[in-house]
Amino acid sequence: MTQFVGTHTNKLDKKGRVSVPSAFRGALTRLGDNQLILRPSHRWPCIEAWPREAFATMAEGINTFEEFSPEHEDMSFALFSDAHEAAPDGEGRIMVPQELIDFAGLSAEETLAFVGMGKTFQIWSKAAVDERKAQAKQNARGMTLPAQRPAGTPTPATPRKQADEA
Numbered sequence: 445m446t447q448f449v450g451t452h453t454n455k456l457d458k459k460g461r462v463s464v465p466s467a468f469r470g471a472l473t474r475l476g477d478n479q480l481i482l483r484p485s486h487r488w489p490c491i492e493a494w495p496r497e498a499f500a501t502m503a504e505g506i507n508t509f510e511e512f513s514p515e516h517e518d519m520s521f522a523l524f525s526d527a528h529e530a531a532p533d534g535e536g537r538i539m540v541p542q543e544l545i546d547f548a549g550l551s552a553e554e555t556l557a558f559v560g561m562g563k564t565f566q567i568w569s570k571a572a573v574d575e576r577k578a579q580a581k582q583n584a585r586g587m588t589l590p591a592q593r594p595a596g597t598p599t600p601a602t603p604r605k606q607a608d609e610a
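If you want my numbering, it's the position in the sequence shown, counting the first as 1, plus 444.
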């Protein structure tokens, strides 16, 4: 499985272009499609960058809402109305739309941080990403991930207390 990992920096130019880090371009190549969907984050002042197929898979969740319901419409607006397609040019640059630059509080000639998030990556102001990283690490302290089991594998039984056995 191809994943976007690490934090990489590049500068946003005056025309709103930035080079996607070569490690991330390599991940897109391994996915077989260099098309990205850029959108404002639901939670943070940053830009989410989704490989096209991953975005489509995530967006299928919209189908759990009844067609034409307020929930379906609201989620459609939230996911699609501010989303933009992008693909690295021959030099690895993408054009970042001005509305996303404004949303994330970015400015021309600023250093941006590309943060790997596994199946996606985020684009942050370098100044803002350090604070977010510290917060995330603090929040994750002591957390564990659920064990991954192959499909069809039963969950292990919880051991009974000795008193229950007597």
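Positions of the beta carbon are idealized from the N, C-alpha and C atoms, including for glycine.
In this text the structure is predicted, and so the values were computed from the model without any measurement.
Query	Result
Own chain residues within Cβ distance below 6 Å of ASN527, not counting five before or after	In the sequence as displayed, the identity of residue 527 is Ala instead of Asn. Here the set comprises ILE481 and ARG483.
Test item: CB-CB of LEU475 and ALA552 under 9 Å	no
Inter-stretch contact at 8 Å, needing at least 3 Cβ pairs: the region 485-499 / the region 562-576	yes
Other residues of its chain near PRO465: CB distance less than 6 Å, five sequence neighbours each side excluded	HIS452 and PHE558
Buried/exposed call for LEU589, threshold 16 Cβ in 10 Å	exposed
Sub-9 Å separation of ILE491 and TRP568 beta-carbons	yes
Contact set for ARG461: own chain, Cβ-Cβ below 6 Å, skip 5 residues either direction	ARG537 and MET539
Exposure label - ALA493; buried when at least 16 CB within 10 Å	buried
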